[in-house]
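Numbering of the sequence shown is given in this note's numbering, commencing with residue 91 and proceeding in unit increments.
Here's the structure we're looking at; comments come further down.
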Amino acid sequence: MYKDYAISDTLFHWQSQSTTTAESPTGRRYINHRANGVTILLFVRENEKVSGGHYSSPFYYLGPADYVSHTGSKPINIIWKLRAPMPAKLLRQSARLAVV
91 MYKDYAISDT
101 LFHWQSQSTT
111 TAESPTGRRY
121 INHRANGVTI
131 LLFVRENEKV
141 SGGHYSSPFY
151 YLGPADYVSH
161 TGSKPINIIW
171 KLRAPMPAKL
181 LRQSARLAVV
């Protein structure tokens with residue numbers, strides 16, 4: 091399970107796939123997206139499946155995001171800066187999910 095959560099209304103902690111390193115082509119693509127002319131579009135969902143487990147939960151589009159920093163490897167933990175603030179409802183839900 092990924093550890094993805096809002097830090098604030100414009101900062102989002104996102105975790106890559108478990109095999110991704112910062113040195114891998116995928117890791118470099120995330121980290122260097124602006125220099126390569128790539129726009130990151132961030133979609134999130136609360137759960138993988140809806141209650142009952144038969145259907146996927148809907149995704150919410152948070153908009154374009156820019157790389158801020160990263161830590162770790164396998165997975166990489168990336169901080170993204172959203173270009174527009176996250177809706178308050180999603181921010182509250184994400185904050186609840188991030189509490190461990």
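For every residue, glycine included, the Cβ atom is placed at its ideal position computed from N, Cα and C.
From a predicted model like this one, the values you see are computed outputs, not experimental measurements.
Inter-residue CB distance, residue i and residue j (contact presumed, cutoff 8 Å)
{"i": "W170", "j": "I121", "result": "Incorrect: roughly 11 Å between the Cβ atoms, too far for contact."}
Through-space distance from residue j to residue i, alpha-carbon basis
{"i": "H160", "j": "Q183", "result": "23 Å"}
{"i": "F102", "j": "A96", "result": "4 Å"}
{"i": "F149", "j": "F133", "result": "6 Å"}
{"i": "S202", "j": "Q107", "result": "Look at the range of the chain in this structure, 91 to 190, and you will see that residue 202 is not part of it."}
{"i": "T100", "j": "H144", "result": "32 Å"}
Spatially closest choice to residue i from the options, by CA coordinates
{"i": "P177", "options": "R124, L152, Y157, H144", "result": "L152"}
{"i": "G127", "options": "S98, P165, A155, S108", "result": "A155"}
Contacting residues, own chain, Cβ-Cβ under 6 Å from residue i (five flanking each side not counted)
{"i": "K93", "result": "Q105"}
{"i": "T116", "result": "T110"}
CB contact check: residue i to chain B, cutoff 8 Å
{"i": "D94", "result": "Of the protein chains in this structure there is only one, and it is not chain B."}
Contacts around residue i, its chain only, beta-carbon distance under 8 Å, and the 5 residues preceding and following it disregarded
{"i": "A112", "result": "R118, I121, H160, S163, I166"}
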